[in-house]
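Trainee:
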Amino acid sequence: MPPAVTHFSANINRIALLRNSRDNGLPDLLRAAQTILDAGAAGITVHPRPDERHIRLNDIGPLAALVARYADREFNVEGNPHHNLMEIVEATLPQQATFVPDAVDTPTSNRGFAAGDEMQAVQPLIARLKAKGVRVSVFVDANIASVEAAHAAGADRIELYTEPYAAAFAHGGTGAAAHCLNDFVAAAQRARQLGLGVNAGHDLNLDNLPDFIAAVQPDEVSIGHAFIADALWLGLEVATQRYVACCAGKKV
40 MPPAVTHFSA NINRIALLRN SRDNGLPDLL RAAQTILDAG AAGITVHPRP DERHIRLNDI
100 GPLAALVARY ADREFNVEGN PHHNLMEIVE ATLPQQATFV PDAVDTPTSN RGFAAGDEMQ
160 AVQPLIARLK AKGVRVSVFV DANIASVEAA HAAGADRIEL YTEPYAAAFA HGGTGAAAHC
220 LNDFVAAAQR ARQLGLGVNA GHDLNLDNLP DFIAAVQPDE VSIGHAFIAD ALWLGLEVAT
280 QRYVACCAGK KV
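Per the working numbering, residue 40 is the first one in the sequence shown, and the count goes up by one each step.
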């Protein structure tokens, strides 16, 4: 069943990237995360890379402890399970781990796990984390084969890679994105038929999010780049409130 309200998880990688450009610890990542949670976000997402270009390993524990202070909030750690993700997740036990098939030198996530050998290879890793009580979501493209492969591999949720939708919307608005959106609706429907939760993320923003939420009704969206860009003008608190409201179907 679709959720009553889609949860907004704020990806704070961009804040860490800015902090890492100087050696003075500013902006304070924990303070930023606390501000976001106080403003109503359902969770915090981080995607630590092996080169620590933004999130550092020593950020993870304090962030997990911060999120744990809030009732009904979640910490989501993303990454490639064949790189550094497994060790990080097993050390901190966040509520959710999201498997993403990104290469070490990839600037940002650019595809989901493919059905077949690639998905089968993460099956034992999914089982390993689920045995420790961590919910596992797998990043997939919006096609039925990938959704079914994620289910066969034992995932609890899928995260739909939304860049194709965001790109279509940017080029032509609602009309141009409508055909592309059908693929996401079909993938989400199939996921729910199989008992999977549905997350989504990548280049979603306040302009393209309303149509996506209304059609797909995901359980959760994780948004970082556009959220932080909006926060430059609005401030973290107001930006968070607007994304939370947008996820609830309100006009912002």
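The beta carbon of each residue, even a glycine, is placed where N, CA and C say it ideally should be. All values reported here derive from a predicted model rather than from experimental measurement.
Alpha carbon to alpha carbon, how far is G240 from D62?
Mentor: Near 31 Å, if we compare the C-alpha coordinates of D62 and G240.
Trainee: G211 lies in the alpha helix (DSSP H); which residues open and close that run?
Mentor: Run containing G211: E202 to Q232, per the alpha helix (DSSP H) assignment.
Trainee: With DSSP as the reference, identify every bridge partner of N50, one or two as the case may be.
Mentor: In DSSP, N50 forms a bridge with T84.
Trainee: List the whole-angstrom C-beta distance separating G211 from D180, where the pair is believed to meet the contact cut-off of C-beta under 8 Å.
Mentor: About 21 Å separates the two Cβ atoms, so there is no contact after all.
Trainee: Closer than 7 Å by C-beta to G214: which residues in its own chain qualify, once you throw out the five before and the five after it? Chain order, please.
Mentor: Counting only Cβ-Cβ distances below 7 Å, and skipping sequence neighbours, we find nothing.
Trainee: How is V161 classed by DSSP in three states: helix, strand or coil?
Mentor: Correct three-state label for V161: coil.
Trainee: Kindly indicate the opening and closing residues of the alpha helix (DSSP H) around E187.
Mentor: Where E187 is concerned, the enclosing alpha helix (DSSP H) stretches over I183 to A191.
Trainee: Taking 6 Å as the limit between beta carbons, can you name the residues of its chain near H46, skipping five residues before and five after?
Mentor: Here the set comprises A81 and E259.
Trainee: Tell me Q135's beta-bridge partners as DSSP assigns them.
Mentor: Answer by DSSP bridge pairing, in chain order: N115 and R174.
Trainee: Can you have a look at P120 and say buried or exposed, based on whether 16 or more other CB atoms are within 10 angstroms of its CB?
Mentor: Classification of P120: buried, given that the 10 Å Cβ count is 16 or more.
Trainee: Sorted by chain position, which residues of the same chain lie with C-beta nearer than 7 Å to A292's C-beta, five sequence neighbours on each side aside?
Mentor: Nothing in the structure corresponds to residue 292, since the chain is present only between 40 and 291.
Trainee: Taking the CB atoms as reference points, tell me whether T279 and L243 lie closer together than 7 Å.
Mentor: Contact flag unset, no.
Trainee: Is V44 close to chain D? Criterion is C-beta to C-beta, closer than 7 Å.
Mentor: As a matter of chain content, chain D is missing from the structure shown, which is built from one protein chain.
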